[in-house]
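Take a look at the structure below.
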Amino acid sequence: MFKDLERLVDVQKIDIKLLEINNLKGDLPQVVENLQNHINTLTKELDNERKREKEILLEIKNLEAKIADDKIRLNRYQDQLYLVTSNKEYDALTSEIDTLKQEIDSAEYNILKLTDESDQLKVSIKGKSLTLEEKIQERDKKQSVLDKTDITTKDAQAALMEQRNSIVDLIPIRYMREYERIAKAKNGIAIVPILQIFEEKVDKKGNVEYIPMQVSCGGCSKIVPPQKIVEIRNGDRINRCEFCGRILYWDVQSSEIRSNYEEELF
Ligand SMILES: [Zn+2]
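Each residue of the sequence shown is one higher than the last, beginning at 7 in my numbering.
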């Protein structure tokens, strides 16, 4: 196999180990991120609701002050009613009184509405605060599990990365780019061994012979054209699977699969 292909295979082996380390963490990083997003949303909503609660208190206070003022004016106008001398003055005054009464009614109605809103906010704030507390505890728990996994895997990960970088340095950039592009599209697996099954055949004299059968891609299991097999076994150039696009190579340990292997032992 030519050197660059060999090195790409080595990079793939390291990347598989790195993938396995990442799999140890499972979906924890995602779970922690989701919890954090939920916490952020709840915190923002709580902030807004608490702000609105304060606004309502102020609005009610202003309305109460306005009602108090209006009532004082109303009493004064009502007292003046006894002192008026003309119809015109009387009409003007009663009209003022009616307007004030309407304004007081409307202010009282607004206070009721605001009190309702405030009550609903209190319930919502209480519920959200409890949920927020739960989510924070849950996040801390998951985060500490994740931190522990990070600590145990950090050294292994760093050693693998160092090893990887030293190999990558030796590989021409165009090959590395191709590798990264395929790996990105194929869940991190860019190079796969081809798999050839050899079927056992016993002749009349009891001689065992292994007949090479079809060859398939170790990534997508599709058939590799027979004319390509020699080329892939030689490994003189980059060969790719026509179906999944992964780079193919012949792996001395795993490419040759002997069926009835156990029987051969007897
Ligand atoms: Zn394939």
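We put the beta carbon where it would ideally sit given N, CA and C, even for glycine.
(message) Quick check on SER261: buried or exposed, where buried means 16 or more other Cβ atoms within 10 Å of its Cβ?
(response) buried
(message) Within the continuous alpha helix (DSSP H) that includes ARG13, where are the two ends?
(response) In the DSSP assignment, ARG13 falls within the unbroken alpha helix (DSSP H) covering 9-30.
(request) Would you kindly report the start and end of the unbroken beta strand (DSSP E) that includes GLN220? (result) 214-223
(message) As a quick exercise: from ASP10, GLN36, THR49, ARG56, pick the residue whose alpha carbon is nearest that of LEU138.
(response) THR49
(message) Tell me whether GLY194, by its Cβ, gets closer than 7 Å to a heavy atom of ligand 1.
(response) no
(message) With DSSP as the reference, identify every bridge partner of LEU201, one or two as the case may be.
(response) SER222
(request) Just tell me which of ASP161, TYR255, SER112 has its CA closest to the CA of PHE8. (result) TYR255
(message) Check this for me: beta carbons of PRO178 and GLN202, under 8 Å apart or not?
(response) no
(request) Buried or exposed for LYS141, please, with buried defined as at least 16 other CB atoms from any protein chain shown within 10 angstroms of its CB. (result) By the neighbour-count rule (16 or more Cβ atoms within 10 Å), LYS141 is buried.
(message) ligand 1 and LYS228: does any heavy atom of the ligand fall closer than 7 Å to the residue's C-beta?
(response) yes
(request) Examine ligand 1 and report whether any of its heavy atoms sits within less than 7 Å of the Cβ of ARG187. (result) no
(request) Assuming ILE244 and ILE253 form a contact by the criterion Cβ under 8 Å, report the distance between their Cβ atoms to the nearest whole angstrom. (result) 6 Å
(message) Excluding the 5 residues flanking LEU24 on each side, which residues of the same chain have their C-beta closer than 6 Å to its C-beta?
(response) LEU166
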